[in-house]
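To keep things clear, I will list the structure first and then write my remarks on it.
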Amino acid sequence: MPALNDTALNPTLDHVHTLADLWAWRVAQTPQTTAYLRHDDSTQAWTPVTWASMGAQVTQMASALQSLELERGARIAILLPNGLQAVCIDQATLALACVPVPMHALDNPASIAYILADSDTVVLFAQSLAQWQAIAATGIALPALRQVILVEDATTPDAASAAATLQVSPLHDWLANAKPSLAPQRKPEPNDLATLVYTSGTTGKPKGVMLSHDNVLANVKATLQRVAPTEQDVFLSFLPLSHTFERTAGYYLPIAAGCCVAHARSVALLSEDLKTVRPTILISVPRIYERVYSALTGMLVGKPVKARLFTWAQNVGWRRFCRVQQLPVEGNTPAALDALAWPLLNRLVATPLLAQFGGRLRVAISGGAALSQPIAHCFIGLGLPILQGYGMTETSPVVAANGVDNNDPATIGPALPGMEVRIGDNRELQVRGRSVMRGYWKREADTTAAFVDGWLRTGDQAAIEANGRIRILGRLKEIIVTSTGEKIAPADLELAITSDPLFEQAYAFGDNRPFIACVVVLSQSGWRLLATELKLNPDAPDSLQTARPAVLERIRTLTHSFPHYAQPRAVALSLEPWTSENGLMTPTLKLKRNNLATRFAAVIDGLYKR
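Quick look at the structure:
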């Protein structure tokens, strides 16, 4: 596939070669249009912020940073929630040819300290003094760190709390006291690092992925062709900006297209923010759709009439979608009959559901992990236009994605323009193109191992269909090999299990063991319903143990389509969710399998001794 031609894509982006160029170009193009919506806690309203206003804030921040006389390429860590401050710091860092190191604001202190040390971060922007003190308390040496700037705290911390060579300052004071540097402002080059993003560390220590300005900008321009946002679109940003998926698709892409972005207040308030902001484009991971689906199906328990109406609407809508997309249609229901039923079903079922997302979504992009087919069929059938895509931090990140007019949710769609894909040994999907990383920070051996003949190894097994769509088959690195020699992809099992609203999370295992087993986290509402069915007291200490056989039978039903050796034969139950805070999930909501194996080691051993 030929390289992406920037000029052919969009003549107005012809001279945009770095992310700093992109920002300056956007501010100059549409200075008085709304760039961001900021929530005002005092008035409980969303207030518009123009590109010109944001440009002025970035200039002020860049001037203050320049006064620190940082070397070209210096790493500046941003440990903040999504918001205007994070955007301004990121853009000011890029403008000075320095390197942003985005980190998840809710990550644990030890993980944060590890990244600061590994990246040789010189300046850290943190939310509060308490956050910084928790990092310092880990005892991990941070010899390169010179300055910590606290965004929330308005008072100067006790000097005794920091080393003599390390300054800890509130943002307001730091900005006010910054002395303009006489040195000329540097500009980044296309091949300079635009960011150092650390992988989520699902199976080990995070690795710093080196992405250049050209890497990220090429991915933005290619994604523009597949998604085609306009200046009228509104994004709601809630995935952390430390996630490359959100950085490219939810942050840099709207800048290129001139869209408006609202930063959600928190995941807990996401439902309310969706209804008030009413976004037209949503960037999400499957977990969000899973939670909504679980809540929906939970509400239908014990309501047979509403449940049948819901299923009918979903099936009719899915058939209508398949006909439009020229996908196989199950059954022999005439199209005319579905067309006759849809207006009523749309009014009674689909419209109320879409209202939960604000009522005007035209694109809902799902990435970061596989979206289960039952959930995809449900939401797409009811009119939520979910486009599943695929990518990696190492590819800036989007490799492939479905489009509105070319959407098969059983696949990840065709490769983006400028991205080449092939199938290598063991059916591994391999990628080549301008968006592919420069390598891993300080890890030459890992960088070498990540490539074969110039192609990036994704670690995912795939098939490329005749129409160019890519179908993911499994994960090479996460294959369970039982002691009987059978091979099973745990992610597929876990998807099948969590399609049932009873299960919030699932962790399947069995490597070098005689059979597959799993640990599951039950939803609180689902557990109480199940306990009622089994005539158990849900609060009794031994009730979970008593419910195990019934839960295992339910799991066996959910996994009946898998080979018998892949179906779990034992299960342990929990009501405590796995989170990034307790170290069992990555900030991007993926299972930390090594940590789960350690946490549940005694439980797992017990399952195999029964």
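Going by the working numbering, 187 is the number at position 179 of the sequence shown; the sequence numbering is gapless.
Note that the Cβ used here is the ideal one computed from N, Cα and C, for glycine as well.
Keep in mind it's a predicted model, so treat the numbers as computed, not measured.
Have a look at residue i and residue j and give me their C-alpha separation to the nearest angstrom.
| i | j | result |
| --- | --- | --- |
| Ala168 | Asp128 | Low local confidence applies: a pLDDT of 41 at Ala168 is under 50, so the model's placement there is unreliable, with the coordinate-based value given in what follows. Rounded to the nearest angstrom, the two C-alpha atoms are 23 Å apart. |
| Leu1 | Gly91 | Nothing in the structure corresponds to residue 1, since the chain is present only between 9 and 618. |
| Pro557 | Ile563 | 10 Å |
| Asn13 | Asp22 | Because the pLDDT at Asn13 is just 41, under 50, the model does not fix this residue reliably, and the value given afterwards should be weighed accordingly. Spanning the two alpha carbons is a distance of roughly 9 Å. |
| Leu544 | Ser582 | 16 Å |
| Leu244 | Pro585 | 25 Å |
| Asp106 | Asn590 | The question names Asp, yet the displayed sequence has Cys at residue 106. Near 33 Å, if we compare the C-alpha coordinates of Asn590 and Cys106. |
| Pro10 | Gly476 | Note that Pro10 scores 35 on pLDDT, short of 50, meaning its location in the model is unreliable and no value can be drawn from it. |
| Gly447 | Thr456 | 8 Å |
| Leu615 | Leu308 | 34 Å |
| Ala372 | Gly81 | 35 Å |
| Phe570 | Pro595 | 30 Å |
| Pro576 | Arg618 | 14 Å |
| Met400 | Gly441 | 13 Å |
| Asp613 | Leu560 | 17 Å |
| Gln334 | Phe253 | 29 Å |
| Leu30 | Ser220 | 14 Å |
| Val429 | Asp281 | 38 Å |
| Thr284 | Tyr297 | 19 Å |
| Gly258 | Asp222 | 18 Å |
With DSSP as the reference, identify every bridge partner of residue i, one or two as the case may be.
| i | result |
| --- | --- |
| Met218 | Leu204, Gly447 |
| Glu428 | Arg440 |
| Asn414 | Gly411 |
| Arg460 | For the record, residue 460 in the displayed sequence is Val; it is not Arg. Looking at the DSSP assignment, Val460 forms a beta bridge with Trp463. |
| Val529 | Gln513, Ser582 |
| Thr42 | Thr58 |
| Arg483 | Asp468 |
| Phe133 | Ile86, Ile157 |
| Gln396 | Ser374 |
| Ala69 | Here residue 69 is Met; the residue named in the question, Ala, does not match the sequence. Bridge partners of Met69: none, in fact. |
| Lys495 | Val489 |
| Ile289 | Phe243, Val371 |
| Asp550 | The partner list for Asp550 (beta bridge, DSSP) is empty, contrary to what the question assumes. |
| His568 | According to DSSP, His568 bridges with nothing at all. |
| Pro595 | Pro595 pairs with nothing; no bridge assigned. |
Going by CA-CA distance only, name the one from the options that's closest to residue i.
| i | options | result |
| --- | --- | --- |
| Arg194 | Val156, Ala28, Phe523 | Ala28 |
| Pro262 | Cys526, Thr594, Ser569, Gln240 | Gln240 |
| Val489 | Val131, Ala574, Ala105 | Ala574 |
| Ala103 | Ile84, Pro196, Asp49 | Pro196 |
| Val625 | Val324, Ala343, Ala85 | The structure shown does not extend to residue 625, since the chain spans only 9 to 618, so no value can be given for it. |
| Ala236 | Thr288, Arg327, Asp126 | Thr288 |
| Ala548 | Trp535, Val559, Gly266 | Trp535 |
| Leu179 | Ser491, Ile97, Arg521 | Ile97 |
| Thr58 | Ala36, Ala72, Gln68 | Ala36 |
| Trp182 | Ala458, Ser119, Ala70 | Ala70 |
| Val95 | Gly441, His271, Asn223 | His271 |
| Thr256 | Pro312, Thr587, Thr492, Lys229 | Lys229 |
| Thr319 | Arg331, Tyr301, Trp463 | Tyr301 |
| Val24 | Leu353, Ala64, Leu225 | Leu225 |
| Asp461 | Ser551, Ser250, Asp433, Glu494 | Asp433 |
| Leu232 | Leu501, Arg521, Tyr260 | Tyr260 |
Which whole-angstrom value is the C-beta distance of residue i and residue j, which I expect to be below 8 Å?
| i | j | result |
| --- | --- | --- |
| Ala384 | Ile394 | 6 Å |
| Gly367 | Arg286 | 6 Å |
| Leu124 | Ala85 | 6 Å |
| Gln99 | Val66 | 4 Å |
| Pro117 | Ile157 | Actually they do not touch by this definition, with Cβ atoms about 18 Å apart. |
| Ala113 | Leu132 | With a Cβ gap of about 12 Å, Ala113 and Leu132 do not count as contacting. |
| Gln135 | Val159 | 6 Å |
If I measure Cβ to Cβ from residue i and keep anything under 6 Å in the same chain, skipping five residues before and after, which residues do I get?
| i | result |
| --- | --- |
| Val527 | Tyr515, Ala580, Phe608 |
| Phe511 | Ile505, Val528 |
| Met62 | Ala43 |
| Ala315 | Leu308 |
| Asp508 | Leu566 |
Give me, in chain order, the residues of the same chain whose beta-carbon lies closer than 7 Å to that of residue i; leave out the 5 immediate sequence neighbours on both sides.
| i | result |
| --- | --- |
| Ala497 | Gly482, Arg483, Glu486, Ile487 |
| Arg234 | Ala409, Gly411, Leu424 |
| Thr238 | Ala265 |
| Trp326 | His385, Ile388, Gly389 |
| Ser551 | Ala539, Leu544, Asn545 |
Starting from the C-beta of residue i, find all residues in its chain whose C-beta is less than 8 Å away, skip the five residues before and the five after it, and write them out in chain order.
| i | result |
| --- | --- |
| Ile431 | Leu437, Gln438, Ala470, Ala471, Ile472 |
| Asp48 | Trp54, Thr55 |
| Trp449 | Asp126, Ser127, Leu204, Lys215, Gly216, Val217, Met218 |
| Gly467 | Glu436, Arg483, Leu484, Lys485 |
| Ala170 | Low confidence applies here, because Ala170 scores a pLDDT of 48, under 50, leaving its location unreliable and the question unanswered by this model. |
| Tyr122 | Ile148, Lys213, Pro214 |
| Gln416 | Note that residue 416 corresponds to Asp in the displayed sequence, not to Gln. Closer than 8 Å at Cβ, skipping near neighbours: Gln333, Leu335, Asn410, Arg477. |
With respect to 8 Å, is the separation between the Cβ of residue i and the closest non-hydrogen atom of the ligand GDP below this value?
| i | result |
| --- | --- |
| Ile383 | Among the components modelled here there is no ligand, and therefore nothing to report on the ligand GDP. |
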